[in-house]
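This report refers to the structure that appears directly beneath it.
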Amino acid sequence: MLRFYPLLFIGFLISTRCAANVVFVQNRGQWPAGVLFRADIPGGYLFLKQNSLHYVFYDSKAVADHHAKGVPVSDTIRAHGVAVELVGSQTVNVPEGRHKTGPTLNYFLSKNPDQWVGDAPAFGEVVYPNIYPGIDLRIYAYYQTLKYEFIVQPGADPSLIRLAYKGANSVRLNDGRLIIDTSVQSFSENKPYSYVSRDGRATEVAAAWQLSGNVAQFSLPSGYDRTQQLTLDPELIFSSYSGSVSDNWGHTATYDKEGNLYSAGSVFGGNFPVQTGAFQVSFGGTVDVSVMKFSPDGSRLLYATLLGGRAADLPHSLIVNNQGDLVMMGTTSSPDFPVTAGAFQTKTQLGSPFSSSFTTTTSIVFANGSDLFVSILSPDGKQLKASTFMGGTGKDGVGARRASDTEADGIFMRNYGDDLRGEVIVGPDDDVYVASLTESYDFPVARSLPDGTSSISEAVVFRLSADLSQLRWGNRISGSQGATKAYGLRLAPSGSLYVCGVTTSPDLPASADAYQAKPIQVSQFLANGFVARFDNQRLTRLTYLGTDREDAAYLIDVGPDGSPHVFGLTQGRYPVTTGTYQNAGSGQFVHAFDPDLKTTRFSTVIGSTRSGPDISPTALLVNECGNIYLSGWGGLVNNRNGYNSASNTNGLPVTSDAYQRTTNGSNFYIAILEQGAKSLLYATFMGGLTNTRGDHVDGGTSRFSPQGIIYQAVCACDGTSFPATATAWSRTNRSNNCNNLAFKFDVDKLKANFDTYRGSEKGVVTGCTPLALSFQNTSIGGRRYEWLVDGKVVSSDTGRVNYTFDKAGKYTVTLRAYNPLICLRVDSVKQTVTVSPANFQVSRDTTICPNATVTLRASGATKYVWTPADGLSSTTIASPVAAPKQTTTYTVDMTNEFGCTARRSVTVQADASFQPSFSVQTNGDCQQPTRLTFTNNTRNADQYVWVMGNGDTVRTNVPENYDFGKSGQYQVTLIAYRNGCALSTSLPVSYEDLKNVPNVITPNGDGKNDVFNIGFTGAKLEIFNRWGRRIYQDDDYANNWGKDVPNGLYYYLITTPNGTQCKGWLQVIE
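Be aware that the sequence shown starts at 179, since it is given in the working numbering, and climbs by one per residue.
Next comes the structure, spelled out in structure tokens:
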């Protein structure tokens, strides 16, 4: 159900035409002696012999006309063979197959076990080594067609190659091409491309065909370098191409416990004769059973097996037993059909005077009459484990009407392929149960009526041992007149065997207290359905079911409460019970009975409401909770071929979540009814929308698995547009005719599933707190969802859910998917998420004073790595000391004992908003106090403290009129404060006190005032006489001038170390 099941899909579609190139199958005895390899080619076959190539073509249009076109056809098919003899070739070497390819191929094509071949090898090319001296012939596949070439070694003679075409209508040259005409088609060989190989490069050599009568040779008019290898490479062109060759029509399909799909059909050409010239073949005489096994996803063909004899052989029903063997029931017209030694019936009267020819609805002629067959193939298809005939002198297994039948004897309401019905099932002990029909008085089960009754056919039910060596029991169901056919059967858990079918007999042995002991309308011998129950080999209960018009019971299954459910068709107003889903007036019915067939559990009709059958039933399942699965097809193959004029898939009910909501009227139809037919749970179409003949089945059963997966055989036509998956073994039908397809479709699946993600990383279920995960819902089939963490619902989202695990521990994450419409109403899936503790912490961001230090603190880890390293006391401890020169962000990578990791950061901001700065200027004059001017350049500080260097401290913005009082060098420090931070800066200040410079000295030697002492040192002193001439200079005056100096008046100029100058006069008096 597409909306309910968003991932619902066609499991696969396969075409039984090989999607690969032409292959060459080696003859291991399955074909006539002398044939070494066989290949399917466009419109025919190629047989490779020791010294010749043998082409056989057939009228492919006539084959197409035989199938589902509704036009009169003949059983005779025109054919034509052409042998190409390699004149003068050598016989010493056997052709070699190279490049083995393809699946397991098995052939059981006669009664002679010596001709049975398992695992016949197939190759991509065949080489005839040294077919002429020094010349090899290579034949190979090339883009789904055929190529050949002669490889001429250096020194060999290409003129030895001569090709004699025998059996052709004519061989001629036209514009350089060699044309070979046959009565069926023409094929040609283009002008050969020839070349020599030198140093890995090809150099073309002029070449042409030369024809003498029917013998062709290669002409090389310009010659060539005979020291080099020459390749002669003609190109084959076929006038018609239908993909591969052997038409393969779909009949029946089943499954095994691994989900592999088995499909069986009728294949044309398995035993095609090898002749030359024009000839005719019987279409039915070239039809065999084709069985194929595919992988569960449809991407691989596991084996292909051909089964049959020299006449028509058709499969009706498949089942896989408990050993994994494929059990098949069908019909054969081949007296040499392969049967195994020790089988119950190894001899047949096919072809006897009592066996008459007839034609099936599928236009296949049973020239020798018909017998049932039951065959068992091994799991790999290589071994025919058991095979038996089951029949008498009359027609068995096929419900086709004979030309001598009157309308009153026939069953008019039938579908295309209804004559090829019946079913095979297996019991717990692998014994084989078959439901079918017979027209043989000597069919090997006891008659229920005395000889001389006028019944046309009788339903037969029988049980064979698991190895087909014994008939455990058998019974017939019939009346005194009319026709009775058994279509379906099923074993109940109680051991009862239920059989359903159709009859025109008015006097079947119905139970007196049955639901319907007599048909409603008996005067016109209209068809009625019936259901019978067998217990311990005996027919114990039987009821008719029907209306006053035609009715038929096609398929039967047993519900979980033991009630038999019947899927059938009606042309009347079939009874509908209260409380059921219905499409009033429709032609498909579902009817459930109590186990004794006395009372109705429920009944209803489903369809287009057009008062007639829309589809031909192909599969039925009642699953473990009583839901009812139906499958069938309808459309052109039925309504234009005169079988069921009402058949059409237009107007059938589909649900809003259908996989395919539209139809062209000729498709498959799949539906699910709720237990008791209370509602329509799901319905969809399936098939192509552009085919002109319509999708259908050539009779036979398909099956639902117990899980509700349909394994359906299809006969799809005209390059069908049937949907296919990308990985299917073959996605296209390359035939211009119909071919066997099969699909696997899960219509009832509920599977909860989800994926975990951490970001884009998928599958994460472990981590550290806090662990943030996303859960992606990948469920199939849910209508409602619940997400739970440790039993608590956290979301009902259908898609992706985000969830963060903040605490350490183990958590159970559960997804519940709900679909109340199916048996498994809820499905859940759990995943464990393990969250480890990760309590990592670091200190907060902080601000420090410039040039200060701070301790960084981290915790919760066993390993620390700090970056950057500059300014840190250590990079690998929990709490290093940081001394940043500027604002710095420190990052620490931490790992704890659980392997959890974290990266954290802390920023240390150095307050650089202020920086103390000041300047000082000294101004002075002799005999006057020195003046100091301080300038405070600091910004953004809150307060200031000046440390003057002489023990004084001044708390002010700027010291005003400060006097050191004594000359000297002083270290003045300014301390600026802001937000508790203190920054300082210092300057050296030179203070010279000029106010004490003398203006008289008395150098008389008494030790008092003998020299010019200015009160400090380090100044520059210049002395000038009264006439302005400098008489003394000392750049580092040490207070020592004045000795031995004449009395008089002098002038001086003092320059202090800080640049202050003062000048004055000085009197020297001795």
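The beta carbon of each residue, even a glycine, is placed where N, CA and C say it ideally should be.
If you're wondering where the values come from, they're calculated on a predicted model, not measured in any experiment.
- DSSP lists no bridge partner for glutamine 760.
- Around the beta carbon of lysine 927, 16 or more other beta carbons sit within 10 angstroms, so the residue counts as buried.
- Taken in chain order, the whole beta strand (DSSP E) runs of length 3 or more contained in the stretch 1148-1199 are 1159-1169.
- Remark: C-beta atoms of valine 1011 and tyrosine 989 approach each other more closely than 8 Å.
- In this structure, the beta-carbon distance from asparagine 1115 to arginine 1109 does not fall below 8 Å.
- Per DSSP, the beta bridge partners of asparagine 1101 are Arg1109.
- It is roughly 7 Å from the alpha-carbon of proline 671 to the alpha-carbon of glycine 740.
- Going by beta carbons, serine 511 and leucine 528 fall inside the 8 Å limit.
- Within the same chain, Cβ atoms closer than 6 Å to the Cβ of aspartate 608 are found at Asn499, Asn500 and Ala644, the five residues on either side in sequence being excluded.
- Take the alpha-carbon of threonine 464 and the one of alanine 710: they are about 38 Å apart.
- By the criterion of a C-beta distance shorter than 7 Å, phenylalanine 1018 is surrounded in its chain by Gly1038, Ala1039, Met1072, Ala1080 and Arg1082, once the five residues flanking it on both sides are discounted.
- For asparagine 284, the enclosing beta strand (DSSP E) begins and ends at 274-286.
- A residue is called buried when at least 16 other Cβ atoms come within 10 angstroms of its Cβ; histidine 874 meets this threshold and is buried.
- For the set Tyr693, Tyr1210 and Ala692, the Cα lying nearest the Cα of tyrosine 1230 is the one of Tyr1210.
- Contact annotation: the stretch 672-683 touches the stretch 704-721, with at least three C-beta pairs closer than 8 Å.
- Membership of asparagine 817 in the alpha helix (DSSP H) is indicated by the continuous run 814-817.
- The continuous beta strand (DSSP E) containing cysteine 946 extends over residues 944-946.
- Aspartate 792 and alanine 824 have their C-alpha atoms spaced approximately 6 Å apart.
- The DSSP-derived three-state label of threonine 464 is helix.
- Listed in chain order, the non-local C-beta contacts of arginine 1133 below 6 Å within the same chain comprise Val1123, local neighbours out to five positions each way being set aside.
- Following the DSSP letters along the chain, one finds isoleucine 357 inside the beta strand (DSSP E) bounded by residues 355-359.
- A Cβ-Cβ distance of about 7 Å is found for the pair glycine 443 and proline 493, placing them in contact under the 8 Å criterion.
- In the DSSP secondary-structure assignment, valine 1123 is bridged to Ile1153.
- Below 8 Å, too few C-beta pairs join the stretch 353-363 and the stretch 308-325 to call them touching: fewer than three.
- Contact annotation: alanine 930 and glycine 960 have beta-carbon atoms nearer than 8 Å.
- Separation of the CB atoms of leucine 410 and glutamate 327 is rounded to 6 Å, and the pair is thereby assigned contact status at 8 Å.
- With a cutoff of 8 Å on beta-carbon distance, glutamine 523 and proline 622 are scored as near each other.
- Short of 8 Å from the beta carbon of threonine 787, and not among the five residues preceding or following it, lie these beta carbons of its own chain, in chain order: Asn761, Ala762, Gly763, Ser764 and Gly829.
- Looking only at Pro795, Leu667 and Tyr1169, the smallest Cα-Cα distance to asparagine 816 is reached by Pro795.
- Taken atom to atom, the span from the alpha-carbon of glutamate 1200 to that of glycine 1183 is near 23 Å.
- Spanning the alpha carbons of alanine 855 and glutamate 964 requires a straight line of approximately 29 Å.
- At a Cβ-Cβ threshold of 8 Å, valine 736 and arginine 641 do not count as neighbours.
- Scanning its chain for C-beta atoms nearer than 8 Å, with the 5 sequence neighbours on each side dropped, one finds around arginine 276 the residues Phe301, Gly302, Glu303, Val304 and Val305, in chain order.
- Approximately 11 Å separates the beta-carbon atoms of serine 372 and tryptophan 387; this is outside 8 Å, ruling out the contact.
- In summary, threonine 756 is exposed, with fewer than 16 beta-carbon neighbours lying within 10 Å of its beta-carbon over all protein chains present.
- Valine 576 places its beta carbon 8 Å or farther from that of valine 505.
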